[in-house]
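In the working numbering, the protein residues as written are 14 to 984. Glycine residues also receive a C-beta, built at the ideal position from the N, C-alpha and C atoms. Predicted model only: the values in this text are computed from it and were never measured. See structure below.
Structure below.
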């Protein structure tokens, strides 16, 4: 029967819903399986493909209606009388749209519309309602799960199928005209979707989610001009010359956009469906957020919009919005020639987007060299990078012309002046503004050739330029070389013009003379920089200024010092050099590390390096081994010069402290330095250490340690965090014949039995701690600790054993070998293969003490401890001992339990306990059925402590519960 209705001036059934219903019912009656298929298909849509796309689908429909009607798209969302209402402008509902609404397999999209119009996506409304209505100026229709159930109730087989589905029926297959009392569409709008919200839908949360999507939809759907969300705000957009302004309640955001479009070639549409082939148009939009000054705000992660969000994750800095063939789920791109053609066009459009930015900001849009987030991301990114490599868009140094990255070169050193200077020598150099670290990753992705500092030096070597040009080059290089030691090293061969017209390959050894100094004539081979080229950079690169300190540091003098021992042993008289060097040290007031190579006489008349000699009478000599290579300085030389001058030259008066604040490797002549360096998690930035520790006599270590602790410099080195000195002493110093790590501090009770207390050697406890004497379990070596726990000759208290196992649980299993012997809770040592790790306290009742290893009351440590020891957990080897259900007793019914919990301030647990007359082998047990106890106070106390997560209080519970009242309650 056709239901007559009058709405908005339209009466009867203007969209022929009766025929649509009858067609569906005929199909269902003829094939009840079709009824089930429709139900499953609808559920797949709103529970799967369209489960989180309600606003997207409403916005798509609004956009399509606006495009069809040739008006700006406006979507207003409100809640009226418990209904979510979505009103939109544009073409009103028509019969074709109604037919699409009532079909799970078709869409009313036609004539190149941007998005679907009342197609399968309408199923998204079922996430919030069971009775959607669509009302338009041309009439209205409604769907209803309840009405559908009433209809099929007259067909027994369909009713049976619905019953099998718990009463769930396809909602969007049977459509009716709205009733005569249906309110008209709000003024100013043409269509309104009305969705009575189910009781389980949180309208406020729904609207909050809508608010978060509004801006994205306005950007993606060009036909949508305005979104209103009642009670939250209004969003709108305006576009002008490639800039889109999105206005919302929290302010305005700006996007730079680049739009393109065209027709797919015929071969690209061959694999598309008939309807898709009739719409070969494609559009591509790239969009990136920009600041008020036009600077881009690249996206970290996004999804492909086609044109609304899909599930294709994207890592590109800009959003891609494109008309693409999409799988029926609307979540994935359908691969094929059509998608490939659009992606190829998108890659070309990306270059145009990049060129719309200021030249210095363009690299911000180069895709990152990360793992792709999806196959589509991988495809698009590779296409984009390929186009960016070939196109001309990188600004060049000098004239600023655009360069193709594939043919460009960027200097490793930043600076526009430097790049401009080099551009006059080499073609294809990128603007120096892009040489900074913030552009490095982008240029690497593009394959831009990098010119290292060394290559730059090679490029300018041999060219003929006036001294002033070189000064400009030094000025351009100076800021980076000032802070980067690696750059300074690579600039070592930088050409330097001299006053005599020569150009030397490198500043090292060259002098920058401020004034005439007579002593310059005493050193051969000094070379002076041309005054027009003189620059502080040359000094940083090895040139020296002409003063006492500069002369002392000059390369020729240093060379003479470093070869002085060879010269002396060859019979060359080096006494004049020694005199000059020591006088310069006295004038400068400090030495240099390399001065240790200066040849000086020892007490027997032989020549030796200064840093291999000690001052006569030094206490340092008393702790050295008899075969130490360190000699004693000749007495007459020691008397001729102040001790401060001699020690500045490298002569030893005590242990020497090495302090390198710019360390680059283990090259400080320290014992075992390479092993220490490799043992560090990260290379040290500073090396502060003590030299010659390996020369100490084994019996003299207590005195040597007191000597180290008595001087500020060596004390600081000894306590330097993660320093070499403490590391080496901990492994090599001997205290009563053993290394520090084999002893414990006298007060370290938690190590008692495992380690012996260090003998009283008159050493401060802070010093003992610094060199590795153990003060706590977590400082012990895990391998050594396992060996000591497994040593049957050691007597170790149960508490120490438990705490040791707890400390071992924090060890990385890859750092230790599983032990063959372990110490169990009976205090004895047993074979590991016979033991398990206790991970639940009730298991103790059925396990032998001699096979149980425990980390104490914290059972969360059981699993990591088992992994370290390579032992099974006790629960994995033990079967339940419970053979009957027991009697269930609520915790709240046990007066003693209630009283005990009250006294301890513990809430009475919910549920109850299963009481047994006896449990064979244990007082209590926990399994899937619950907590089981024997009829005893101790068992009840343990179970109560376990379920209240207060296991350490089990003994207190036992004392409180072991009262006559408790026994009565249990009985």
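Give me whichever residues DSSP pairs with residue i in a beta bridge.
i	result
residue 135	According to DSSP, which records beta bridges pairwise, residue 135 is partnered with nothing at all.
residue 508	518
residue 843	835
residue 149	152, 204
residue 252	257
residue 570	Note: residue 570 sits in no beta bridge, so no partner.
residue 612	622
residue 768	765
residue 590	Answer is none; residue 590 lacks a bridge partner.
residue 275	295
residue 943	940
residue 189	155
residue 901	927
residue 242	90, 246
residue 476	The partner list for residue 476 (beta bridge, DSSP) is empty, contrary to what the question assumes.
Can the beta-carbon of residue i be found less than 8 Å from the beta-carbon of residue j?
i	j	result
residue 422	residue 443	yes
residue 271	residue 299	yes
residue 909	residue 974	yes
residue 169	residue 52	no
residue 816	residue 767	no
residue 834	residue 937	no
residue 114	residue 187	no
residue 99	residue 106	no
residue 414	residue 424	no
residue 504	residue 490	yes
residue 228	residue 137	no
residue 927	residue 898	yes
Tell me which residues share the same chain as residue i and place their Cβ nearer than 8 Å to its Cβ, disregarding the 5 neighbours each side in the sequence.
i	result
residue 577	587, 590, 591, 610, 611, 612
residue 191	18, 20, 146, 148, 152, 153, 154, 155
residue 888	852, 853, 856
residue 32	none
residue 616	629, 644, 645, 646, 647, 648
Do you know how far the Cα of residue j is from the Cα of residue i?
i	j	result
residue 95	residue 209	6 Å
residue 664	residue 623	5 Å
residue 718	residue 643	19 Å
residue 276	residue 350	13 Å
residue 338	residue 230	19 Å
residue 291	residue 77	Caution is warranted here: a pLDDT of 49 is assigned to residue 291, below 50, making its placement in the model unreliable, and no coordinate value can be reported.
residue 362	residue 488	41 Å
residue 806	residue 746	26 Å
residue 968	residue 940	22 Å
residue 1	residue 730	The chain is shown from 14 up to 984; residue 1 falls before or after that span and cannot be answered.
residue 951	residue 865	21 Å
residue 804	residue 880	21 Å
residue 364	residue 267	20 Å
residue 235	residue 262	20 Å
residue 204	residue 247	19 Å
residue 693	residue 384	30 Å
Quick test of your reading: residue i and residue j, contact by CB under 8 Å. State the CB separation rounded to the nearest angstrom.
i	j	result
residue 434	residue 494	With a Cβ gap of about 15 Å, residue 434 and residue 494 do not count as contacting.
residue 1027	residue 869	Within the shown structure, residues of the chain are numbered from 14 to 984, placing residue 1027 beyond reach of any answer.
residue 390	residue 326	6 Å
residue 377	residue 408	Not a contact, Cβ separation roughly 14 Å.
residue 873	residue 849	With a Cβ gap of about 17 Å, residue 873 and residue 849 do not count as contacting.
residue 358	residue 278	Rounded, the Cβ-Cβ distance is 11 Å, inconsistent with contact.
residue 303	residue 333	Wrong, their Cβ atoms sit about 17 Å apart, outside the cutoff.
residue 660	residue 703	About 15 Å; that fails the 8 Å criterion.
Near residue i, what residues of its chain come up, given a Cβ to Cβ distance below 7 Å and the 5 sequence neighbours on each side ignored?
i	result
residue 520	507, 509, 551, 554, 555, 556
residue 324	316, 344, 345
residue 780	718, 722
residue 836	802, 803, 809, 814, 842
residue 686	679, 737
Given residue i, which residues of its chain have a CB within under 6 Å of its CB, disregarding the five upstream and five downstream residues?
i	result
residue 486	434
residue 561	597, 600, 601
residue 144	157, 209
Check whether the Cβ of residue i sits closer than 7 Å to any heavy atom of the ligand PLP, and report yes or no.
i	result
residue 875	Although the ligand PLP was asked about, the structure shown includes no ligands whatsoever.
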